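Chemist: Residue numbers (my numbering), protein chains in the order written: chain B, 1 to 445; chain R, 446 to 548.
Quick one: the structure is below, questions incoming.
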Amino acid sequence: MIGGSVSKWTMSYFAMGIAWLFAAEALMIAGFGYPGADVAAPETLVLVHVVAIGWLSMCICGALLQFVPVLVGKALVSEAGALPVLGLLTAGLIALLLGFLALGGRLPPWLWLLPVGTTLLVAGFGLFAANIVMTMWRARPLAAAARFVLVGLAALGATAALGTSFAWALAGYGGSGLNAVLDAGIPLHAIAGLGGWLTLTAMGVSYRLLAMFMMSPDVDIRRSRTTLLVGAATLGLAVAGGLAAIAMRAGLDLVFVLTAVCGVATAALYGRDVVDLYRKRKRRTLELNTSMAVYALTSLAASVVLGLALAVRGSFAADIGAFVFLLGFGWLSGLVLAKLYKIVAFLTWLETYGPVMGRVPTPRVQDLVVEPRATKWFAAYFASVWLATALLFAGQAPAFRVAAFGMMVATAGIVQELLRTRMLADVTTNARLPQGAKLPRLLHS
Amino acid sequence: MTPDVAQIRDALRVVIDPELGVNIVDLGFIYDIAVAEGDVRITMTATNKGCPASGFLKEGVARSASQVDGVRSVDVVMTFEPTWDPSMISADARASLGFASVH
């Protein structure tokens, strides 16, 4: 395959993801969920799933629909599946959130909404994963980045399976087995989702995107394979080891210690690989997406250091909310926002100027954006996230809401830049729409 | 009038790599141009096989070459052998891109 097509619905996934990010920030400003409520309270579950599924998973799925063909050099098995998946994920998430609200007594006790929600989510993620896996199957042998995505999808499967068992147990349809998993297995679900699906996939995609955008040589295959093996071992240890410990009615402490050791090793190996990418880049001047990725990577490193410090101090369980917040908003959301800034500009360029290239002069991708203006919003975003993390550690719930407001303002600024890019608002009038070029549609391609 | 290779090469400069913002001739994407009568055969590459930009680059090359006077047909062959690398970029383009020295 030479030159894949522009994914029709990737922009719709991004738009939906951003809508959920605003929803999450609004909830935090309103004091809904942690730290106003307990970390395991239904309100916190609402917040966590809005971020993990609505914002992060939606954007990562949208990006993979466009990016997997680039990774493997084969067209997707099914382009048509993207829209039904978007619908299933959205409907499933809404049902799940309503189920959590019912669990917390904010709605009548319609706990059947929980299994309905997870069934829809499993259908959506299952269709999505089948599409990606079948595409990769046709493209063997796989590049290193694609293998990360595969392991990420395996982690998504584990996350969904655990989440489904919780939903059935909470709705009262689980036997003693599912109830035992519910009692002790929530950390396994969180590790598989946050550490496996979201983090390993983001790591794999970042290898390729960073190499492409900085013109760095790809990471040595043996090195990235080691990183992936340790990452996969972390995941296997957490999920399989954790479930075995639950089945044997043993404590999970040993599993968590081993998972933490392997998790830190994975982060360290990934850090070594990424430093190499930056060090060996041919393009000395960093674009905004790669310079802001540094802040996301710094957040990942800070999360690891904080996690270790909390474990040594013996307060990991007490401060787990702040730890997860930094991972979710500093590392994952920071990286996704930085890459959205580039991907939206690139796809918009392809849609607008690709069809007329060769006939008339065309602007560059960088002519669609104004980086100095966007830099301020990104700086405000990361500063707000780091401040909010510090306030969570300090137990300052009211001040945390102010920092969350800062995050929302910064996010709105970044989104405004994305909209301007999409509308070609910053392209000079002469170059904006040459003969034959059409303004792209805002929400799909 | 039969076009020559230099005319075709000049015409291709309207096609840019959108990411680097430099024309594909100076980037070293054009491996070969053969002209026989009015029939043109261009062998080219791109940075990434599966990227949607690669398809647009190929089409852009065909379009721009076909606009040269005397061109009767254009055949564009995309190849990834040898693999493109930054050492193929012209010295001037490298300097304008602020590239590190290529080893």
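Yeah, the Cβ is synthetic: ideal placement off N, Cα and C, and Gly gets one too.
Note that this is a predicted model, so its numbers are computed, not measured.
Taking only beta carbons into account, state which residues of the segment 466–495 of chain R come closer than 7 Å to chain B, listed in chain order.
Modeler: Within the segment 466–495 of chain R, the residues whose Cβ lies closer than 7 Å to some Cβ of chain B are G466, N493, K494 and G495, listed in chain order.
Chemist: With the cut-off set at 8 Å, would you say L337 (chain B) and Y278 (chain B) are in Cβ contact?
Modeler: Against a cut-off of 8 Å, the Cβ pair of Y278 (chain B) and L337 (chain B) comes out as no contact.
Chemist: Taking 8 Å as the cut-off, decide whether the C-beta atoms of F431 (chain B) and T352 (chain B) are in contact.
Modeler: Just to set this straight, residue 431 (chain B) is Ala in the shown sequence, not Phe. Not in contact: A431 (chain B) and T352 (chain B) (Cβ atoms no closer than 8 Å).
Chemist: Which residue or residues does DSSP assign as beta-bridge partners of S518 (chain R)?
Modeler: Paired residue(s): R:D484.
Chemist: Just checking: is the beta-carbon of K8 (chain B) within a distance shorter than 8 Å of some beta-carbon in chain R?
Modeler: For K8 (chain B), the answer is no, since every Cβ of chain R falls outside 8 Å of its Cβ.
Chemist: Which residues bound the alpha helix (DSSP H) around T348 (chain B)?
Modeler: Taken as a continuous stretch (DSSP letters only), the alpha helix (DSSP H) holding T348 (chain B) covers S333 to Y353.
Chemist: Please name the residue in R:T492, R:R454 and R:D449 whose C-alpha comes closest to that of T528 (chain R).
Modeler: Here the closest residue by C-alpha is R:T492.
Chemist: List, in chain order, every chain R residue whose beta-carbon is nearer than 7 Å to that of S5 (chain B).
Modeler: P497, listed in chain order.
Chemist: May I ask you to report which of helix, strand or coil DSSP gives D455 (chain R)?
Modeler: Helix.
Chemist: If I measure Cβ to Cβ from E464 (chain R) and keep anything under 6 Å in the same chain, skipping five residues before and after, which residues do I get?
Modeler: Answer for E464 (chain R): no residue qualifies.
Chemist: How close, in whole Å, do the beta carbons of A102 (chain B) and L89 (chain B) come, if the pair is a contact with beta carbons under 8 Å?
Modeler: Their Cβ separation, rounded to whole angstroms, is 20 Å, which puts A102 (chain B) and L89 (chain B) out of contact at 8 Å.
Chemist: If distances are taken between C-alpha atoms only, which option among R:I475, R:E482 and R:D471 comes closest to D449 (chain R)?
Modeler: Cα-wise, what sits closest to D449 (chain R) is R:E482.
Chemist: W331 (chain B) CB to nearest chain R CB: under 8 Å?
Modeler: No, W331 (chain B) does not count as interfacial toward chain R.
Chemist: Any contact of the segment 13–24 of chain B with the segment 383–394 of chain B, i.e. 3+ C-beta pairs under 8 Å?
Modeler: Flag = no, the segment 13–24 of chain B and the segment 383–394 of chain B do not touch.
Chemist: Terminal residues of the continuous alpha helix (DSSP H) containing A129 (chain B)?
Modeler: Counting along the chain, the alpha helix (DSSP H) containing A129 (chain B) begins and ends at L113 to W137.
Chemist: Could you tell me whether the Cβ of P440 (chain B) comes closer than 8 Å to any Cβ of chain R?
Modeler: By this cut-off, P440 (chain B) is not an interface position.
Chemist: Please list the partners that V459 (chain R) has in chain B, where partner means a Cβ-to-Cβ separation under 7 Å.
Modeler: Those within 7 Å of V459 (chain R) in chain B are G358 and P361.
Chemist: Would you report the Cα separation of T119 (chain B) and L98 (chain B), rounded to the nearest angstrom?
Modeler: Whole-angstrom Cα-Cα distance: 14 Å.
Chemist: Okay, do the segment 69–78 of chain B and the segment 128–147 of chain B touch, 3+ Cβ pairs below 8 Å being the bar?
Modeler: Judged by Cβ distances under 8 Å, the segment 69–78 of chain B makes contact with the segment 128–147 of chain B, as three or more pairs qualify.
Chemist: With distance defined between alpha-carbon atoms, name the residue in B:V85, B:T159, B:V149 and B:L111 nearest to L459 (chain B).
Modeler: Look at the range of chain B in this structure, 1 to 445, and you will see that residue 459 (chain B) is not part of it.
Chemist: How is V547 (chain R) classed by DSSP in three states: helix, strand or coil?
Modeler: Confidence in V547 (chain R) is poor, its pLDDT being 48 and thus under 50, which makes the residue's placement too unreliable to answer from.
Chemist: Quick one: what's got a C-beta closer than 6 Å to G152 (chain B)'s C-beta in the same chain, skipping five residues either side?
Modeler: Closer than 6 Å at the Cβ level, and outside the excluded window around G152 (chain B), lie W197, L200 and T201.
Chemist: Just the C-alpha distance for D455 (chain R) and G473 (chain R), rounded to the nearest angstrom, thanks.
Modeler: Between D455 (chain R) and G473 (chain R), the C-alpha separation is close to 13 Å.
Chemist: Just the chain R side, please: which residues come within less than 9 Å of P69 (chain B) by C-beta, in chain order?
Modeler: Here the neighbours are G495, C496 and P497.
Chemist: Kindly list the residues whose CB is nearer than 8 Å to the CB of D426 (chain B), restricted to its own chain and excluding five residues on each side of it in sequence; keep chain order.
Modeler: Here the set comprises D367, L368, V369, V370 and R420.
Chemist: Should G307 (chain B) and G195 (chain B) be called a contact, given that it needs their Cβ atoms to be closer than 8 Å?
Modeler: No, they are not a contact pair.
Chemist: Within the same chain, show all residues whose beta-carbon is closer than 8 Å to that of V41 (chain B), passing over the 5 residues directly before and after it, in chain order.
Modeler: Position check: residue 41 (chain B) holds Ala in this sequence, whereas Val was assumed. Closer than 8 Å at the Cβ level, and outside the excluded window around A41 (chain B), lie G33, Y34 and G104.
Chemist: Against chain B, which members of the segment 526–543 of chain R pass a CB distance test of less than 8 Å?
Modeler: Cβ contacts with chain B: P531, L542 and G543.
Chemist: Terminal residues of the continuous alpha helix (DSSP H) containing H49 (chain B)?
Modeler: Run containing H49 (chain B): P42 to H49, per the alpha helix (DSSP H) assignment.
Chemist: By the three-class DSSP mapping on this structure, what secondary structure does D537 (chain R) have?
Modeler: Looking at D537 (chain R) - three-state DSSP - the assignment turns out to be helix.
Chemist: Taking Cβ positions, are R25 (chain B) and T411 (chain B) nearer each other than 8 Å?
Modeler: The question names Arg, but residue 25 (chain B) is Glu in the sequence shown. Yes.
Chemist: Here's the rule I'm using: 16 or more other beta-carbon atoms within 10 Å means buried, otherwise exposed. How should D471 (chain R) be labelled?
Modeler: D471 (chain R) is buried by the Cβ-count criterion.
Chemist: Excluding the 5 residues preceding and the 5 following W377 (chain B) in the sequence, name in chain order all residues of the same chain whose CB lies nearer than 7 Å to its CB.
Modeler: Excluding positions up to five away in sequence, the list reads A410, G413, I414 and E417.
Chemist: Does the beta carbon of A451 (chain R) come closer than 8 Å to any beta carbon on chain B?
Modeler: So no, A451 (chain R) is outside the interface.
Chemist: When the Cα atoms are used, what is the spatial distance from M212 (chain B) to G172 (chain B)?
Modeler: Straight-line Cα distance between these residues: approximately 50 Å.
Chemist: What residues match up with N468 (chain R) in a beta bridge as DSSP calls it?
Modeler: Partner(s): R:I461.
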